[in-house]
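Note sheet for the following structure.
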Amino acid sequence: MDPLEYCDACFFRGMPNLCETYKGTFTKISSIHFSQQNKIDRILNRLNARPKLINRRWTCILDKSNRKDFLDSLWGVGVTVHTLEDHVKVLVKLYKPEIRRLGELSEIEITHNESWQEFDPQSRTWQALDVSGKKFVVKVKLGTVLKSTDLETEKYFRTITSGGKPTLVPMEKRAAYNITVTQFEPIKAYWQTDKKNQIGFIKTDYLENIPEEIISTLLRFKSDKKIIDFMSFDEEDYELVRSVLASAKIDLHRSSEAIDLEDEKKTETLAIYLDKIEKERIDAFTAMITELGGKIQQDDDHLNITGKVDSVKLSFIQSEKSNQEGKMMSVSWGALEDPHRITELLAMLRKRLGLLSMSVENLVCRHWPILKDSDLQYTVQSLIEYWKIDKNLALSVIHDQKKFNKINKWNNDIKTGKIRSNLDTVTLGKILKSRQ
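Taken in order, the sequence shown gives residues 263 to 698; the numbers are from my numbering.
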């Protein structure tokens, strides 16, 4: 996820010097005079913090105790900063509490080559459309957002009247979800804390199908504590998170039920059933092992992997820490979303099992699925770097048509100004053109 992608409305009066991309993480997004930079460096030295380059941008990461001190110190330096509190103030102005009701029931003809769904504001879910007749006619209310899906792409539409006749108007995914949020029926969600009252948890069930602008803001507040099916936050951020959720017509309440993290620790080491993990990620990992020459057999909650000299039983667990004991390997399920951790895991398996000697980094990039923005950012960045070294290697990364289509669409969105990126999109354009 690129947090700056959703700060469009924040910077209409000009770019600040620093932006708090995640809580306690400050990134330089516009130039700073060298005298001001020296003052910032002195502040960071006093706080025992060291800036570093992340995605080619100057970035400093501060813990909770130093965050306020850092922000207070900036007032006397003349450096402008866009904090998460500032971001929430802008966000809540964009989403109004009024509910936009759907219109009258109308018949609309749709194409038959895709599967179609309509968004139901009451349940906040996508529902399959009931298609009738040879002409593929559906009955939907005016204003309803529809989604068509084929093997390659998803397309979004809104039903309106044009010339007195119901018709479908195409729209981007981002716009479609910002329409659906105006139609939401209000719901309640609950904030549960740990027994020490330091961390708050919200079930992810409440957060389905809300706009990326809202979900990305929540992710910027997210704490390091991970529990499956929950999103966690610092207790001190309750009111800010409550304001963000209100933008999606979610009324957050404190729950009297606490989460016992000691019990959670006991369950963290239990293997997760593979069918509970995104199929595309398991399939990609399996393909990587197979290309390395390993034989892999899938069971309900683990993978049996065999090489030339050894074999292991690998399972995925909720804990952030992976471990191994003999032939039993327990890997954090979060590693499946982190290409660098998977690269380290494959390098270790290659050595231990006696698998083929080949570049693990290239292998991971070629097979890495694009399921969310961080996957896309990793793939595009790798693609650009490979292009400078080996053009054929770069093209192999986007050999898969589905992956190529996603990157090409993202590049077109940048060209048309729908989104922004700090990556080298000029080189990316050359790569995509070469592949076509």
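Positions of the beta carbon are idealized from the N, C-alpha and C atoms, including for glycine.
Using DSSP with H/G/I as helix, E/B as strand and the rest coil, what is residue i?
i    : result
W388 : strand
I660 : coil
T577 : It should be noted that the sequence gives Ser, not Thr, for residue 577. Three-state result, S577: strand.
I681 : coil
Q586 : strand
M620 : coil
F274 : coil
Y439 : helix
D675 : helix
D334 : helix
D572 : coil
R628 : helix
K285 : coil
L356 : helix
L655 : helix
I669 : helix
L364 : coil
So what does residue i bridge to, in DSSP terms?
i    : result
L280 : K290, V343
Y418 : K409, M433
D456 : I521
W320 : L315
I382 : One point to set straight first is that residue 382 is Asp, not Ile, in the sequence displayed. Partner(s): T387.
R329 : Bridge partners of R329: none, in fact.
I512 : I449
P428 : T423
S594 : I579
S377 : T411
Contact defined as beta carbons within less than 8 angstroms: I believe residue i pairs with residue j. What is the distance between those atoms, to the nearest angstrom?
i    : j    : result
T641 : V659 : 7 angstroms
T345 : N279 : 12 angstroms between Cβ atoms; not a contact.
L367 : K401 : 6 angstroms
R516 : L598 : Their Cβ separation, rounded to whole angstroms, is 33 angstroms, which puts R516 and L598 out of contact at 8 angstroms.
I461 : D496 : 7 angstroms
E416 : F398 : Rounded, the Cβ-Cβ distance is 18 angstroms, inconsistent with contact.
S573 : K589 : 7 angstroms
K403 : L364 : 4 angstroms
R567 : G555 : Sequence check: residue 567 is Ile here, not Arg. Not quite, the Cβ-Cβ distance comes to about 11 angstroms (not below 8 angstroms), so this is no contact.
G569 : L607 : About 14 angstroms; that fails the 8 angstroms criterion.
N673 : L694 : 6 angstroms
A510 : V593 : In fact, because the Cβ distance is near 34 angstroms, the residues do not count as touching under 8 angstroms.
F446 : R386 : 6 angstroms
L336 : G286 : That pair is no contact at about 14 angstroms.
L657 : R697 : 6 angstroms
L309 : F273 : Not confirmed; about 27 angstroms, so no contact.
By the DSSP assignment, the beta strand (DSSP E) with residue i in it spans what residues?
i    : result
F463 : 461 to 465
Could you please give the first and the last residue of the uninterrupted alpha helix (DSSP H) stretch that includes residue i?
i    : result
V688 : 687 to 697
W649 : 635 to 651
K301 : 296 to 308
E267 : No alpha helix (DSSP H) holds E267; DSSP gives it neither H nor E.
E606 : 601 to 615
Practice item. Return the chain-ordered ranges of every alpha helix (DSSP H) run that is complete within the region 531 to 568 and spans a minimum of 4 residues. Key: 541 to 553
**Study point:** Completely contained alpha helix (DSSP H) runs for the region 469 to 509, where each covers 4 or more residues
**Key:** 474 to 483, 500 to 508
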